[in-house]
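With my numbering applied, the sequence shown has no gaps in its numbers, which climb one by one up to 306 at the end. Built from N, CA and C at the ideal position, the CB exists for glycine as well.
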Amino acid sequence: MDVNDLTVMFSEAIFLVVAMVAVLVVPGLVVGLMIAVFQAATQVNEQTLSFLPRLVLTLLMVLFAGSWLLQKISDFFGELFLTIPHIIG
């Protein structure tokens, strides 16, 4: 296995991590932005109003997307373990 194959493997790993984090974080960012606009419009500066909906949404995303996340990571590790003999020699 040469450097190009390892580079492709690392790029796939980084893309997988970014995709998994994006699934969990982006909905929370959108809800946080909507709540921030609401707070700015109404001048309500309550910290729990911002924190609690993002927490609940993140937990719901883990609940709904958890099986997909586990399937993606297990597929990647399965592919990685199958390529270990090619890396060694």
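- Message: Using the three-state DSSP reduction, which class does glutamine 288 fall into: helix, strand or coil?
- Response: Indexing the sequence shown from 1 puts residue 288 at position 71. Correct three-state label for glutamine 288: helix.
- Task: Rounded to whole angstroms, what's the CA-CA distance from valine 309 to proline 302? Just pull it up for me.
- Result: Outside the shown range of the chain, which is 218 to 306, sits residue 309, and nothing can be said about it.
- Query: What residues in its chain sit with their C-beta under 8 Å from that of glutamine 256, if we drop five residues either side in the sequence?
  - Reply: Translated into positions along the sequence shown, residue 256 becomes position 39. Closer than 8 Å at Cβ, skipping near neighbours: Asn262, Glu263, Leu266, Ser267.
- Query: When DSSP labels each residue in this structure, what does glycine 283 get in the three-state scheme?
  - Reply: Counting from 1 along the sequence shown, the entry for residue 283 is found at position 66. DSSP places glycine 283 in helix when its eight states are reduced to three.
- Query: Okay, do the stretch 232 to 239 and the stretch 284 to 298 touch, 3+ Cβ pairs below 8 Å being the bar?
  - Reply: yes
- Task: Pick out whichever of Met226, Asp219, Met218 has its Cα sitting closest to the Cα of glycine 295.
- Result: Here residue 295 corresponds to residue number 78 of the sequence shown, with the count starting at 1. The residue with the shortest Cα to Cα distance from glycine 295 is Met226.
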